[in-house]
Structures are given as structure tokens and as C-alpha cells.
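Read through the structure below, which is laid out as C-alpha cells, and then see the notes.
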Amino acid sequence: MNTHLLNLPVWLDVVLSLWVLLGAVFALLGSWGLVKLPDFLLRLHAPTKATTLGVGCVLVASALWWSLQRGAPSLHELLIALFLAMSAPVSAHMLVKAALAHHRTAQRPPQAP
832 MNTHLLNLPV WLDVVLSLWV LLGAVFALLG SWGLVKLPDF LLRLHAPTKA TTLGVGCVLV
892 ASALWWSLQR GAPSLHELLI ALFLAMSAPV SAHMLVKAAL AHHRTAQRPP QAP
């Protein structure tokens with residue numbers, strides 16, 4: 832058993848648990864939207880928004896917990912959030928551009944030889 836871990840007050844455990852639960856709900860909504868929405872662009876929108884927010888909530892809870900345990904700010908979660916904030920919009924943008932290019936080539940009438 833780790834005796835070096837700090838026993839947090841119950842109210843703080845509840846707050847951290849609510850952050851994790853909120854993150855799980857957002858991640859579930861994003862995953863549900865990915866499966867249930869009819870169009871590719873709509874299916875892409877759900878996980879890029881809701882799942883990113885869900886991961887952000889879990890990162891807030893993790894950063895608070897580790898910061899309180901060590902008595903110093905936790906930078907690992909900030910680095911994860913920074914990477915997520917940079918990579919998620921770029922990858923979504925590239926997927927949308929590819930889908931639009933594919934849609935344009937699929938809509939062209941056949942060329943006469």
C-alpha cells in the first residue's frame with residue numbers, strides 16, 4: 832500500500848469524481864454520435880467536439896489530483912492538452928478536405944473519350 836499518497840477530503844474526491852464522470856459522459860456522447868449520425872461530416876463533428884471536451888475534463892481532474900498529491904503543479908496534463916488542442920483540429924480539417932475532394936470527384940460526370 833502506498834503510504835505516501837495524501838488522503839484528500841471527501842468533498843474534493845467528489846469534485847474530482849464529478850470531473851471524471853463529466854468527461855466520461857462527453858466521451859460517450861461523442862462516440863454515440865460517431866456511430867449514429869448519418870453523414871460523414873456530422874459523424875466527424877461529434878467526436879472532435881464532444882470527445883475532446885471529455886478528455887479535457889478528465890485531464891482537469893488528473894491535473895488537480897496530481898497537483899494536490901505532489902504539492903506542485905502537474906505539467907504532464909498540460910502537455911497532453913496542448914498536443915490534443917493542436918492535433919485534433921488539424922486532423923479533422925484534413926479529413927474534411929479529403930472527404931470534400933472525394934465527393935467532388937464522385938460527382939463529376941463521366942468524360943467522353
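Quick note: the sequence shown uses the working numbering, first residue 832, plus one each step.
Glycine is no exception: its CB is placed at the ideal position from the N, C-alpha and C atoms.
Close CB contacts of residue 875 within its chain, under the 7 Å cut and outside five residues either way in sequence, are with 923, 926, 927 (chain order).
When the Cα atoms are used, residue 913 and residue 907 turn out to be separated by approximately 10 Å. Nearest Cα to residue 859 within the set 911, 889, 901: 889. For residue 855, the enclosing alpha helix (DSSP H) has its first and last residue at 841 to 867. A contact between stretches requires three or more CB pairs, one per stretch, nearer than 8 Å, and the segment 891 to 898 meets this requirement with the segment 846 to 865.
About 3 Å separates the beta carbons of residue 877 and residue 864, which is inside the 8 Å limit, making them a contact pair. With respect to residue 915, residue 891 sits apart: the two C-beta atoms are not nearer than 8 Å. The beta carbon of residue 904 sits closer than 7 Å to those of 898, all from its chain and outside the five residues before and after it, given in chain order. Taking C-beta atoms as the reference points, residue 883 and residue 919 count as a pair closer than 8 Å.
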